[in-house]
Structure formats: structure tokens, C-alpha cells
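Residue numbers (our numbering): 34 to 279. Beta carbons are placed, not taken as given, at the ideal position from N, Cα and C, and that holds for glycine. These notes are about the structure you will find just below.
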């Protein structure tokens, strides 16, 4: 019975999502024409869309700050990845200009794919050439004065462990651009929407915890991407275990 109710609720949530998406679409299509400022406006519209959606489907989002990000500082935001609900969690949690690295396959979804393409830096992980282009696009985004957001695990973590292994990309960029890493942990998103069951969404709470940032000194020759990656991994793993015990 519980599974049936969650399926009905999920269908309701999907219908509301689509209606709001269709309302937002012409505004996003228009502002996306205006370069960086237009891209920032896309995220602002998406934030309004996301807040209305959450309010209509009974999901509340809580932000916990162990450290409050400086809105005048650029960061490489990194977070754990366990659910499709992590995407609206990003939108709800970040309040400064940024761009997300996202997988190319999502572009194929009608209407949503166009909005997605307007908002994210696309990556085709199956192609080394395309990965290299995405890497340079991320560095260019930082050069243009924006922050970036990356899931360093690359895809959903369904291992049962706090984190999967991280890729090096975010940490190489941090060193090459002298940009601090801002770790975030997303909690309860997989409880709300398990990655393997798209129609098993449930109302409740999601959380984002901003950990203390990891500063980067490009002049420190002893700092490697591997060392930085391990430091951030340990910080996030420890925090996930601690918060899941509360």
C-alpha cells in the first residue's frame, strides 16, 4: 500500500514539475540569449521554479552552515551524489553565480533538455576529447568570475558506502586556478527519491551542509590533485557519517 501511495504521489509531483517547467520555459529561453548575465538569470528562474515545486509537493529543504560561503569569493563546490533530487537541492542551496557540470545525456529529454543545456556545462564522459573540452569550459567559467559545481563521484553512489571514489578533475582545476574547494554534503535526498526508483518520491525534508572550505595555494608545490582530493574526501566522508548518526 505504501509503495502504491508513493507512486501516486510521484506522478502528482511529476505533473506539477512539468506544468511549472512549461511556464518557466519561455522566460528561460529568452534570458538565455544574454550571455553570462542571462545564464545567471536562468538559475534565478530555476530557483523560483524549484521553491514553488517543493512547496506544492511537501518537501522542505534545510541548509546547515558550518561555514558560510563568501558571496564575493569564487569556489569549486563539490557534493556527494545519491539521487536525482540532488539537482533541485543544488538550486535551493547555492546563492551566488555558478555553473554546474552535468552529463550530456540529459539534453535528450524534451523541453527539459533545452533548459538543462542553457544552465549547465555539458560533459560526454565516453569521449576523452569531449571531457577535455568540458575541463577547459570549467576553467573558462572560473576565469569569467563564476563559481562551478561538480559531483566528484561522477554519478550516483549506490555502493552503500558514504562516498564513491572521486575523479581528479575538480581538484586539478582548483590547483590550476587557485580556487578554494567548498565541500557540501547532501542528506536525505535518496530517502526522498531513491536513484533506482524514480516513481518512489516521498514528501519530507532534504538537507545541505556546507563544510569549512579547503583553501588552495597554487604556490605550494607539495600540493597535488591527489592530495587535495583525499583531503576533501576524508572531510566529506567524516561529515556524512556524523550527520547520519544524528
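Is residue 104 helix, strand or coil when you go by DSSP? Residue 104 sits at position 71 when you count from the first residue of the chain shown. Of the three classes helix, strand and coil, the one that applies to residue 104 here is coil, per DSSP.
Give me the Cα-Cα distance between residue 54 and residue 256, rounded to the nearest whole angstrom. As a first step, residue 54 must be located in the chain shown, where it is residue number 21. As a first step, residue 256 must be located in the chain shown, where it is residue number 223. Each residue's alpha carbon lies about 44 Å from the other.
Tell me the DSSP secondary structure of residue 239 in three-state form. Within the chain shown, the letter at position 206 stands for residue 239. Here residue 239 sits in strand by DSSP.
Measure the C-alpha to C-alpha separation of residue 102 and residue 34 and round it to an integer number of angstroms. The residue labelled residue 102 in the question sits at position 69 within the chain shown. The residue labelled residue 34 in the question sits at position 1 within the chain shown. Cα to Cα, residue 102 sits roughly 43 Å from residue 34.
Bridge partners of residue 180, per DSSP? Indexing the chain shown from 1 puts residue 180 at position 147. Bridge partners of residue 180: 131.
Look at residue 241 and residue 100 and say whether their C-beta atoms are less than 8 Å apart. Start at 1 with the first residue of the chain shown, and residue 241 comes out as number 208. Start at 1 with the first residue of the chain shown, and residue 100 comes out as number 67. In this structure, residue 100 does not lie closer than 8 Å to residue 241 by Cβ.
With 16 as the cutoff for other CB atoms within 10 Å, does residue 107 come out buried or exposed? As a working mapping, residue 107 is identified with position 74 in the chain shown. Per the 10 Å Cβ criterion, buried.
With C-beta atoms as the reference, is residue 167 less than 8 Å away from residue 179? Start at 1 with the first residue of the chain shown, and residue 167 comes out as number 134. Start at 1 with the first residue of the chain shown, and residue 179 comes out as number 146. Going by C-beta atoms, residue 167 is not nearer than 8 Å to residue 179.
C-beta contact flag for residue 212 and residue 247 at 8 Å: Translated into the one-based positions of the chain shown, residue 212 becomes position 179. Translated into the one-based positions of the chain shown, residue 247 becomes position 214. No, these two residues do not count as a Cβ contact at 8 Å.
Backbone secondary structure at residue 63 - three-state DSSP: By 1-based counting over the chain shown, the position of residue 63 is 30. Helix at residue 63.
Can you give me the Cβ contacts of residue 199 inside the same chain, cut-off strictly under 6 Å, excluding the 5 residues immediately before and after it? Mapped onto the chain shown, residue 199 falls at position 166. So the list reads 185, 262 and 266, once near-sequence residues are dropped.
DSSP three-state call for residue 155: helix, strand or coil? Taking the first residue of the chain shown as 1, we reach residue 155 at position 122. Of the three classes helix, strand and coil, the one that applies to residue 155 here is strand, per DSSP.
For residue 61 and residue 148, believed in contact at Cβ under 8 Å, the rounded distance: Within the chain shown, residue 148 is the residue found at index 115, counting from 1. Within the chain shown, residue 61 is the residue found at index 28, counting from 1. About 5 Å separates the two Cβ atoms, so the contact holds.
Can you tell me where the alpha helix (DSSP H) holding residue 267 begins and where it ends? Numbered from 1 along the chain shown, position 234 holds the residue referred to as residue 267. Run containing residue 267: 258-277, per the alpha helix (DSSP H) assignment.
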